[in-house]
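Contents: one structure, followed by commentary.
There are 2 protein chains.
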Amino acid sequence: MVSIDDVAGAAGVSTATVSRALSGRGHVSAATRERVVATAQSLGYVVSSSASSLASGRTRNVGVIVPFLDRWFFSTVLSGISSVLTRRGFDITLYNITADADARQKVFESFRQRRRVDAIIAVAVELDERETERLTGLDIPIIAVGGRNPSLRTLAIDDVAVARLATEHLLTLGHRRVAYIGADAAYDLDFHVPSRRQEGFETAVREAGLSLEDAVQESADFTIQGGYHATKRLLGTPGPRATGIFAASDETAIGALLAARDLGVAVPQGVSVIGIDGHELSEFFGLTTVAQYPFEQGARAAEALLAGLEGTPGAEETPAPYRLIVRSTTAAPLR
Amino acid sequence: MVSIDDVAGAAGVSTATVSRALSGRGHVSAATRERVVATAQSLGYVVSSSASSLASGRTRNVGVIVPFLDRWFFSTVLSGISSVLTRRGFDITLYNITADADARQKVFESFRQRRRVDAIIAVAVELDERETERLTGLDIPIIAVGGRNPSLRTLAIDDVAVARLATEHLLTLGHRRVAYIGADAAYDLDFHVPSRRQEGFETAVREAGLSLEDAVQESADFTIQGGYHATKRLLGTPGPRATGIFAASDETAIGALLAARDLGVAVPQGVSVIGIDGHELSEFFGLTTVAQYPFEQGARAAEALLAGLEGTPGAEETPAPYRLIVRSTTAAPLR
DNA sequence: CTGAAAGCGCTAACAT
DNA sequence: ATGTTAGCGCTTTCAG
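These protein sequence lines map, in sequence, to chains A and B. For the first sequence, numbering that gives the first Met the number 0 assigns the number 0 to the initial residue and increments by one for each residue that follows. For the second sequence, numbering that gives the first Met the number 0 assigns the number 0 to the initial residue and increments by one for each residue that follows.
Structure below.
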């Protein structure tokens with residue numbers, strides 16, 4: 000293995016100069032730098048990250064904590080993170096925490112146990128107090144994306160506002176009996192988004208002067224299947240029926256669309272459906288939705304983190320943007 | 000920061016003993032070990048991964064290369080990998096290579112440049128010769144999952160066989176005009192699976208004594224949208240129509256289902272549809288499919304790799320399993 | 001701008 | 001079973 004000494008020897012300089020020339024820290028004359036870079040190149044020299052980290056205390060590695068790898072939102076945020084971190088020469092260490100408490104525990108230990116990262120991004124994980132403490136105790140920059148954590152710097156949409164917007168869209172169209180399909184408590188435990196969206200829904204309903212009696216709620220699990228079954232229950236239950244459905248995610252909403260179709264209820268004539276996400280499938284289904292931009296959220300979080308690492312205080316945090324996209328699944332109710 | 004010397008001092012032993020007690024390498028009396036572990040615990044000591052790696056040459060970190068993060072197959076494989084690696088105390092460093100050649104280049108450099116991993120898992124990435132060389136030149140264990148690479152140890156289903164099986168299912172039911180929806184060349188460049196599946200399709204067709212003239216082909220991109228549009232073209236083209244569609248992925252097949260529905264073609268009466276994957280949505284749609292098990296593929300690959308690292312030669316490689324699951328989207332053609 | 005040299009915190013021979 | 005000690009390969013003062 001070619002080491003820094005080999006390069007130093009071949010280039011006729013000291014190891015310190017090689018280090019400076021290659022890392023860009025400290026001053027080296029242009030000529031020397033060039034020579035060093037060239038010999039390093041020709042010798043096939045590459046720094047040893049462990050030696051470098053040990054000596055400098057920097058790892059050029061950031062840890063990313065995600066609860067799911069196979070859900071659209073999470074994998075998209077991860078892509079965004081990855082795109083900027085890779086470009087800036089940082090590695091990503093992935094910590095996939097699951098419901099399994101033991102495994103979860105292990106992950107948090109692992110942070111301490113290995114001090115392997117310069118910073119951490121937590122993607123929509125609801126951390127309990129101890130976990131949060133453990134993380135903050137690491138004394139490295141941490142940022143949360145997509146799930147508010149009161150004690151962490153957070154980049155996320157305002158779920159309450161987004162849900163209000165979606166509900167108000169339905170209300171503005173004239174719907175008076177609206178339904179919300181969220182997620183059940185089990186799901187909420189790890190990820191408080193559904194209940195915040197519920198809050199936004201209820202607020203909008205109340206502010207419109209409607210009674211919550213007219214605002215049915217069903218719960219699903221953020222999947223197409225879940226939305227489908229919830230909607231079947233919703234539309235299949237005897238009694239006055241909701242004319243507008245607000246689903247907590249686009250996948251849920253797509254499930255609702257499929258269920259309505261199977262029940263012979265036309266959309267939007269028989270029932271209007273709106274989701275949240277701006278999922279890649281939403282356009283395909285003509286789904287009205289409040290789009291958020293997880294890729295950008297990930298990218299922005301990563302950038303903010305790097306800015307922090309590099310001392311630049313980072314631009315003032317603005318909440319993540321979202322936008323109502325009206326397509327063909329919502330319309331005024333028939334009467 | 001508490002170091003190994005602090006622990007050694009407090010426990011009244013040498014640093015070597017602390018290292019042995021904590022790492023499990025070498026012999027330490029049970030009593031000493033206990034004492035060391037206890038003091039380490041109480042002091043809040045954690046090893047420095049860089050120091051440890053530098054001294055031992057081991058990183059307890061494996062690199063995972065994936066081309067996509069937001070596609071079912073990839074994220075599921077990744078989950079599988081993550082579950083076993085985490086359990087065994089290994090970290091995973093994620094390398095998301097994209098189409099962007101520059102970024103891609105950078106990733107490969109990064110491997111050399113940082114020598115940060117003990118092993119590598121390549122998930123369904125088609126690597127060119129230089130890239131493969133670079134990887135094998137690292138001289139660490141490498142395993143490919145989900146995409147055959149002739150010069151790498153590979154864990155994957157036999158795509159040709161799987162495609163044959165799917166096609167033969169259609170043929171066995173009596174279909175004589177069958178169609179294949181694969182993926183176009185651009186997609187194939189990075190990921191040769193579609194063309195292997197096409198090969199299996201064609202083989203089955205020929206072996207059934209049919210002419211390839213009766214075997215239409217369309218291409219999509221492994222997504223629901225893609226499958227939808229391809230199917231619309233397929234079923235909307237004048238002339239004799241295929242009665243059975245073999246889609247290269249479940250998502251493609253689901254798109255086909257939706258397209259058929261929109262065209263008023265009943266499934267399976269008007270057209271049969273079969274996919275490949277065993278995607279979580281396939282059951283929901285009643286889709287007949289050849290299931291593969293990406294989570295298990297990831298897990299097995301990770302285990303094989305670890306076995307390699309630990310000197311255990313690893314069980315003989317058996318190809319990844321798959322299974323035909325007949326549901327309600329395939330039936331004998333009407334006549 | 002460059003060099004000398006002291007570590008960074010741990011592991012693994014080698015002794016005992 | 002445990003201690004001694006020489007590195008692992010780099011970064012970073014401190015001098016010059």
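By construction, the Cβ of each residue, glycine as well, lies at the ideal position given by its N, Cα and C atoms.
Residue i and residue j: beta carbons closer than 9 Å?
{"i": "B/Ser-248", "j": "B/Phe-72", "result": "yes"}
{"i": "B/Gly-181", "j": "B/Glu-217", "result": "yes"}
{"i": "A/Ser-48", "j": "B/Arg-114", "result": "yes"}
{"i": "A/Ile-91", "j": "A/Val-61", "result": "yes"}
{"i": "A/Asp-261", "j": "A/Ala-219", "result": "no"}
{"i": "A/His-191", "j": "A/Gly-146", "result": "yes"}
{"i": "A/Gly-297", "j": "A/Gly-79", "result": "yes"}
{"i": "A/Ala-252", "j": "A/Thr-328", "result": "yes"}
{"i": "A/Ile-335", "j": "B/Leu-280", "result": "This structure cannot speak to residue 335 of chain A, because chain A is shown only from 0 to 334."}
{"i": "A/Leu-169", "j": "B/Leu-77", "result": "no"}
{"i": "B/Ile-120", "j": "B/Leu-304", "result": "yes"}
{"i": "B/Val-215", "j": "B/Leu-233", "result": "yes"}
{"i": "B/Thr-58", "j": "B/Val-1", "result": "no"}
{"i": "A/Phe-284", "j": "A/Ala-178", "result": "no"}
{"i": "B/Gly-199", "j": "B/Val-159", "result": "yes"}
{"i": "B/Thr-288", "j": "B/Gly-269", "result": "no"}
{"i": "B/Thr-230", "j": "B/Ala-259", "result": "yes"}
{"i": "A/Ala-9", "j": "A/Thr-16", "result": "no"}
In the structure shown, what three-state DSSP assignment does residue i receive?
{"i": "B/Tyr-321", "result": "strand"}
{"i": "B/Arg-32", "result": "helix"}
{"i": "B/Ser-218", "result": "strand"}
{"i": "A/Asp-276", "result": "strand"}
{"i": "A/Val-227", "result": "Position check: residue 227 of chain A holds Tyr in this sequence, whereas Val was assumed. Three-state result, A/Tyr-227: helix."}
{"i": "A/Ser-271", "result": "strand"}
{"i": "B/Ala-207", "result": "coil"}
{"i": "A/Gly-235", "result": "helix"}
{"i": "A/Leu-188", "result": "Confidence at A/Leu-188 is low in this model, with a pLDDT of 47, below 50, so its placement is unreliable and the value that follows should be read with caution. Note: A/Leu-188 maps to helix in three-state DSSP."}
{"i": "B/Phe-294", "result": "helix"}
{"i": "B/Phe-245", "result": "strand"}
{"i": "B/Val-289", "result": "strand"}
Quick check: what's the CA-CA separation for residue i versus residue j?
{"i": "A/Arg-86", "j": "A/Gly-23", "result": "17 Å"}
{"i": "A/Glu-206", "j": "A/Asp-69", "result": "37 Å"}
{"i": "B/Ala-162", "j": "B/Leu-137", "result": "35 Å"}
{"i": "B/Gly-25", "j": "B/Val-36", "result": "15 Å"}
{"i": "B/Ser-271", "j": "A/Ala-331", "result": "38 Å"}
{"i": "A/Arg-322", "j": "A/Ala-290", "result": "5 Å"}
{"i": "A/Ser-74", "j": "B/Asn-148", "result": "26 Å"}
{"i": "B/Gly-238", "j": "B/Pro-318", "result": "41 Å"}
{"i": "A/Glu-250", "j": "A/Leu-257", "result": "11 Å"}
{"i": "B/Glu-302", "j": "A/Leu-151", "result": "36 Å"}
{"i": "B/Asp-276", "j": "B/Leu-286", "result": "10 Å"}
{"i": "B/Ala-300", "j": "B/His-278", "result": "20 Å"}
{"i": "B/Glu-212", "j": "B/Ile-139", "result": "48 Å"}
{"i": "A/Ala-30", "j": "B/Glu-130", "result": "32 Å"}
{"i": "B/Ile-142", "j": "A/Tyr-44", "result": "25 Å"}
Flag residue i as yes if its beta-carbon sits less than 9 Å from any beta-carbon of chain B, otherwise no.
{"i": "A/Val-45", "result": "yes"}
{"i": "A/Leu-234", "result": "no"}
{"i": "A/Gln-40", "result": "no"}
{"i": "A/Phe-221", "result": "no"}
{"i": "A/Asn-60", "result": "yes"}
{"i": "A/Asp-69", "result": "yes"}
{"i": "A/Tyr-321", "result": "no"}
Chain A beta carbons: is any one of them nearer than 9 Å to that of residue i?
{"i": "B/Asn-95", "result": "yes"}
{"i": "B/Leu-280", "result": "yes"}
{"i": "B/Val-63", "result": "yes"}
{"i": "B/Ser-2", "result": "no"}
{"i": "B/Leu-188", "result": "Note on B/Leu-188: pLDDT 47, under 50, position unreliable in the model; no value is reported."}
{"i": "B/Leu-77", "result": "yes"}
{"i": "B/Val-266", "result": "no"}
{"i": "B/Gly-145", "result": "no"}
{"i": "B/Val-159", "result": "no"}
{"i": "B/Asp-90", "result": "yes"}
{"i": "B/Gln-336", "result": "The structure shown does not extend to residue 336 of chain B, since chain B spans only 0 to 334, so no value can be given for it."}
{"i": "B/Gln-224", "result": "yes"}
Open item on the list: As an exercise, report each continuous beta strand (DSSP E) stretch of at least 3 residues that is fully enclosed by the segment 74-134 of chain B, in chain order.
Closed with: 90-95 and 118-122
TODO: With a floor of 3 residues, list each beta strand (DSSP E) that falls wholly inside the segment 139-196 of chain A, ordered by position along the chain.
DONE: 141-144, 152-154 and 177-182
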